[in-house]
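**Student:**
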Amino acid sequence: MKKRFLPLFFLISFSMFAQLEVRYANGTDENPRWIQLMYSDTPDVGKVTEAYTKYYQTHPFVKNKHTQYYKRWLRSISRTTALPSKEYLKATSKSVKSSSSWVPRGPFDFDIDAASRSYAPGAAHIYCVEQSLSNADVIYAGTATAGLWRSNDKGENWFCLSKSLPISAVYSLEIDPNNENIIYFSGGGTLYKSSNGGASFTNIGSGEFNSGIEIKEIMIHNGKLWVASNQGLYYSSNSGNSFSQKMSGKWLEMEVHPTNNQVIYAVKENTSTTAFYKSTNNGSSFTEYSNGWPSPNSGDEQKRTEIAVSAASPNKVVALCTGAANGGSGLYGIYVSEDQGVNWEFKCCGPQPGGPASTLNINMMGWQDDGSDDGGQYYYDLALAVNPNNANIIHVGGVNHWISTNGGDSFTCPAKWSHPEKNEYIHADIHDIRYF
Numbered sequence: 000m001k002k003r004f005l006p007l008f009f010l011i012s013f014s015m016f017a018q019l020e021v022r023y024a025n026g027t028d029e030n031p032r033w034i035q036l037m038y039s040d041t042p043d044v045g046k047v048t049e050a051y052t053k054y055y056q057t058h059p060f061v062k063n064k065h066t067q068y069y070k071r072w073l074r075s076i077s078r079t080t081a082l083p084s085k086e087y088l089k090a091t092s093k094s095v096k097s098s099s100s101w102v103p104r105g106p107f108d109f110d111i112d113a114a115s116r117s118y119a120p121g122a123a124h125i126y127c128v129e130q131s132l133s134n135a136d137v138i139y140a141g142t143a144t145a146g147l148w149r150s151n152d153k154g155e156n157w158f159c160l161s162k163s164l165p166i167s168a169v170y171s172l173e174i175d176p177n178n179e180n181i182i183y184f185s186g187g188g189t190l191y192k193s194s195n196g197g198a199s200f201t202n203i204g205s206g207e208f209n210s211g212i213e214i215k216e217i218m219i220h221n222g223k224l225w226v227a228s229n230q231g232l233y234y235s236s237n238s239g240n241s242f243s244q245k246m247s248g249k250w251l252e253m254e255v256h257p258t259n260n261q262v263i264y265a266v267k268e269n270t271s272t273t274a275f276y277k278s279t280n281n282g283s284s285f286t287e288y289s290n291g292w293p294s295p296n297s298g299d300e301q302k303r304t305e306i307a308v309s310a311a312s313p314n315k316v317v318a319l320c321t322g323a324a325n326g327g328s329g330l331y332g333i334y335v336s337e338d339q340g341v342n343w344e345f346k347c348c349g350p351q352p353g354g355p356a357s358t359l360n361i362n363m364m365g366w367q368d369d370g371s372d373d374g375g376q377y378y379y380d381l382a383l384a385v386n387p388n389n390a391n392i393i394h395v396g397g398v399n400h401w402i403s404t405n406g407g408d409s410f411t412c413p414a415k416w417s418h419p420e421k422n423e424y425i426h427a428d429i430h431d432i433r434y435f
């Protein structure tokens, strides 16, 4: 169940990615700073992009091997999903099972203010957050490197629940709508359940799921526990004791019609495209609807889509689609359906899906607040939400936060990820946007 009331954004800090091709030599210190940063041992994509932009604001653009590598480097980052390696999961599992005892040696204090003084302030790396429907004081958060956390006072104080588990990243979670102490979450290629508020956990679904399952979404609706994963779309009718596969393939996203609880939406990833599915019988069967849905040309791709709905316009479905098409990468397009996903219309941005980024064809997945740069991390961080009281207000998250107040016809970025001095600043890399 997904009922949201007030906007709350959950963000992460920039992550470092290994370059996916052989790079050029750094050369001399006479190279512009952006080149030196890009070829450093641990390049920070935010700092490199910022330096690149500043350099070409005062220098004429000249195409060379470094600018070409910069473009390919950004593309390689865009296709990175930043999942933990099998070696890492094996090592963490072994360390948890070890009988060795540990004694804390510090540090026991840190400079809280330091996180607010960097070029991109922030100290959180959060993938997912859910608030209990039965007790609004209780919130759970899944982080990228520190496991699962709980707050009993609406986020004022937090404590870690997963110290005994061989996991660090929590990608998805769900709370039972009738009991804030029953939770489900995914981490380390495993689906976990707790019936006592996180005091202990059990591994569920091991009989049906293969090891290393990537769970993109967990949803409880009408007494069924749904799991959207890279191994199929599953459901459980007995609180996770057993699961049945409803659909095969890779599934990315699920949503429920705001006023008709028999209607469920889902998004599937195919080889180079995504597909939209709808059920009108509480998940007993699903039908694909493709009229107006993204259809990339040969050689292009559209492999990530987020969908969102609003109680203010119950039959409306908004889709945020990303990929690489028509000579550009990042935002593929904003699509809107007014009839529960039967028909779709391309709304934004520019004259066609994808295309080279410019101020007239903005790429909301890039690093610039005017949308003029190509690429982004569009297969890694992506978020979408529609205001439950005004369906014309749409929030998009990638590296930056973007807002539309006219139903998706146009968008603006209130504050760039590296402009913390602005009142509406949001830290870079947005994985989730929720209305609570």
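FYI, numbering that gives the first Met the number 0 numbers position 373 of the sequence shown as 372, with every residue one higher than the one before it.
Every residue, glycine too, gets a C-beta built ideally from N, C-alpha and C.
Because the structure is a prediction, the values reported are computed rather than measured.
(1) Pick from Asn-156, Glu-179, Ile-125, Thr-142: whose alpha carbon is nearest that of Ala-135?
(2) Between which two residues does the beta strand (DSSP E) carrying Leu-36 extend?
(3) Assuming Ala-318 contacts Asp-299 under a Cβ cut-off of 8 Å, what Cβ separation, rounded to an integer in Å, is found between them?
(4) Just how far apart, CA to CA, sit Asn-229 and Ser-167?
(5) What's the C-alpha gap between Asn-425 and Leu-164?
(6) Hey, would you say Glu-216 sits closer than 8 Å to Met-253, going by beta carbons?
(7) DSSP has Lys-249 in a bridge; who is on the other side?
(8) Nearest CA to the CA of Gly-315: which residue from Asp-338, Gly-396, Thr-304, Gly-322?
(9) On a CA-only basis, which of Phe-285, Ile-361, Phe-435 is nearest Val-385? Give me that one, please.
(10) Excluding the 5 residues preceding and the 5 following Thr-279 in the sequence, name in chain order all residues of the same chain whose CB lies nearer than 7 Å to its CB.
(11) Ignore the nearest five residues each way along the sequence and tell me which others in Tyr-54's own chain have a CB closer than 8 Å to its CB.
(12) Can you tell which of Asn-156, Leu-147, Ser-185, Asn-177 has its C-alpha closest to the C-alpha of Leu-132?
(13) If you follow the beta strand (DSSP E) that Thr-258 is in, where does it begin and where does it stop?
(14) Do the CB positions of Gly-239 and Lys-192 come within less than 8 Å of each other?
(15) Check whether the Cβ atoms of Gly-326 and Pro-355 lie closer than 8 Å to each other.
(16) I need the straight-line Cα distance from Gly-26 to Tyr-69, nearest angstrom please.
(17) Quick one: give me the first and last residue of the alpha helix (DSSP H) that Lys-437 is part of.
(18) Taking the alpha carbon of Gly-406 as the reference point, which residue from Ala-414, His-394, Val-398, Tyr-234 has its own alpha carbon closest?
(19) What is the C-beta distance between His-220 and Val-255, in whole angstroms, given that I count them as a contact (C-beta under 8 Å)?
(20) Return the chain-ordered list of same chain residues with a C-beta closer than 6 Å to the C-beta of Gln-130, the five sequence neighbours on each side being excluded.
(21) Report the three-state DSSP secondary structure of Lys-421 (helix, strand or coil).
(22) Assign Thr-52 to one of three DSSP states: helix, strand, or coil.
(23) By the DSSP assignment, the beta strand (DSSP E) with Met-436 in it spans what residues?
(24) Quick check on His-65: does DSSP put it in helix, strand or coil?
(25) Going by CA-CA distance only, name the one from Asp-175, Gly-186, Lys-64, Glu-213 that's closest to Asn-195.
(26) Could you tell me whether the region 357-367 touches the region 288-308, using the rule of 3 or more Cβ pairs below 8 Å?
(27) Hey, is Trp-401 close to the ligand NAD, as in C-beta under 7 Å from one of its heavy atoms?
(28) Is it buried or exposed, Val-61, if we count other Cβ atoms within 10 angstroms and call 16 or more buried?
(29) For Thr-272, which residues of its own chain have a beta-carbon under 8 Å away from its beta-carbon, when the five flanking residues on both sides are left out?
(30) Answer yes or no: do Gly-186 and Val-169 have a C-beta to C-beta separation smaller than 8 Å?
(31) So Phe-184 is in the beta strand (DSSP E); what residue range does that whole segment cover?
(32) Quick one: grab the DSSP three-state call for Trp-366.
(33) Can you look up Val-398 in the DSSP assignment and give me helix, strand or coil?
(34) If you reduce the DSSP assignment to three classes, tell me which class Thr-41 lands in.
**Tutor:** Walking through what the data contain:
(1) Counting from 1 along the sequence shown, the entry for residue 135 is found at position 136. Of Asn-156, Glu-179, Ile-125, Thr-142, the residue nearest in Cα terms is Glu-179.
(2) Here the question's residue 36 lines up with position 37 in the sequence shown. Segment 32-37 is the alpha helix (DSSP H) holding Leu-36; no beta strand (DSSP E) there.
(3) Numbered from its first residue, the sequence shown carries residue 318 at position 319. Numbered from its first residue, the sequence shown carries residue 299 at position 300. Contact doesn't hold; Cβ gap of about 17 Å is too wide.
(4) Position 230 of the sequence shown, counting from 1, holds the residue named residue 229. Position 168 of the sequence shown, counting from 1, holds the residue named residue 167. Asn-229 and Ser-167: Cα-Cα distance of roughly 20 Å.
(5) As a working mapping, residue 425 is identified with position 426 in the sequence shown. As a working mapping, residue 164 is identified with position 165 in the sequence shown. Checking the displayed sequence, the identity of residue 425 turns out to be Ile instead of Asn. When rounded, the distance between both Cα atoms is 31 Å.
(6) Indexing the sequence shown from 1 puts residue 216 at position 217. Indexing the sequence shown from 1 puts residue 253 at position 254. In this structure, Met-253 lies closer than 8 Å to Glu-216 by Cβ.
(7) The sequence position of residue 249 within the sequence shown is 250, counting from 1. DSSP, once it has assigned bridges, lists Glu-268 as partnering Lys-249.
(8) Along the sequence shown, one-based indexing puts residue 315 at 316. Per the sequence shown, the amino acid found at residue 315 is Lys instead of Gly. Selected option, being the one with the closest Cα: Asp-338.
(9) Taking the sequence shown and counting its residues from 1, one reaches residue 385 at position 386. Measuring from the Cα of Val-385, the nearest candidate turns out to be Phe-435.
(10) On the sequence shown, residue 279 is found 280 positions in, with the first residue counted as 1. So the list reads Gln-261, Val-262, once near-sequence residues are dropped.
(11) As a working note, residue 54 is residue 55 in the sequence shown. Here the set comprises Pro-31, Arg-32, Trp-33.
(12) Sequence index remark: in the sequence shown, residue 132 carries index 133 (1-based). Answer by Cα proximity: Asn-177.
(13) As a first step, residue 258 must be located in the sequence shown, where it is residue number 259. Element bounds for Thr-258: n/a, residue is neither H nor E.
(14) As a first step, residue 239 must be located in the sequence shown, where it is residue number 240. As a first step, residue 192 must be located in the sequence shown, where it is residue number 193. Yes, the pair counts as a contact, with Cβ atoms nearer than the cut-off.
(15) By one-based count along the sequence shown, residue 326 stands at place 327. By one-based count along the sequence shown, residue 355 stands at place 356. In contact: Gly-326 and Pro-355 (Cβ atoms closer than 8 Å).
(16) The count along the sequence shown starts at 1 and reaches residue 26 at position 27. The count along the sequence shown starts at 1 and reaches residue 69 at position 70. Per-residue confidence for Gly-26 stands at a pLDDT of 49, beneath the threshold of 50, marking its modelled position as unreliable; no derived number is given.
(17) Outside the shown range of the chain, which is 0 to 435, sits residue 437, and nothing can be said about it.
(18) One-based indexing of the sequence shown puts residue 406 at position 407. Closest by alpha carbon: His-394.
(19) Along the sequence shown, one-based indexing puts residue 220 at 221. Along the sequence shown, one-based indexing puts residue 255 at 256. Between Val-255 and His-220 the Cβ distance is about 5 Å, and since that is below 8 Å, they are a contact.
(20) Mapped onto the sequence shown, residue 130 falls at position 131. Cβ neighbours of Gln-130 beyond the five flanking positions: Ile-138, Phe-435.
(21) The residue you call residue 421 lines up with position 422 of the sequence shown. Three-state result, Lys-421: coil.
(22) By one-based count along the sequence shown, residue 52 stands at place 53. If DSSP states are grouped into helix, strand and coil, Thr-52 belongs with the helices.
(23) Since the displayed the chain opens at 0 and closes at 435, residue 436 lies outside it and no answer follows.
(24) Numbered from 1 along the sequence shown, position 66 holds the residue referred to as residue 65. If DSSP states are grouped into helix, strand and coil, His-65 belongs with the helices.
(25) Position 196 of the sequence shown, counting from 1, holds the residue named residue 195. The candidate whose alpha carbon is nearest that of Asn-195 is Asp-175.
(26) no
(27) Summarising the ligand content, the structure contains no ligands, and the ligand NAD is consequently not present.
(28) Along the sequence shown, one-based indexing puts residue 61 at 62. It is exposed - the Cβ of Val-61 has fewer than 16 other Cβ atoms within 10 Å.
(29) Along the sequence shown, read from residue 1 onward, the residue named residue 272 stands at position 273. If we look at Thr-272 and ignore the five residues flanking it on each side, its Cβ neighbours are Pro-293, Ser-294, Pro-295, Glu-300, Gln-301, Lys-302.
(30) Stepping through the sequence shown from its first residue, residue 186 is reached at position 187. Stepping through the sequence shown from its first residue, residue 169 is reached at position 170. Contact flag set, yes.
(31) For this step, residue 184 is matched to residue 185 along the sequence shown. Start and end: 182-186.
(32) Within the sequence shown, numbered from 1, the residue matching residue 366 stands at position 367. Of the three classes helix, strand and coil, the one that applies to Trp-366 here is coil, per DSSP.
(33) What you label residue 398 is simply residue 399 of the sequence shown in a count that begins at 1. Residue state, collapsed to three classes: coil.
(34) Start at 1 with the first residue of the sequence shown, and residue 41 comes out as number 42. Coil at Thr-41, not helix or strand.
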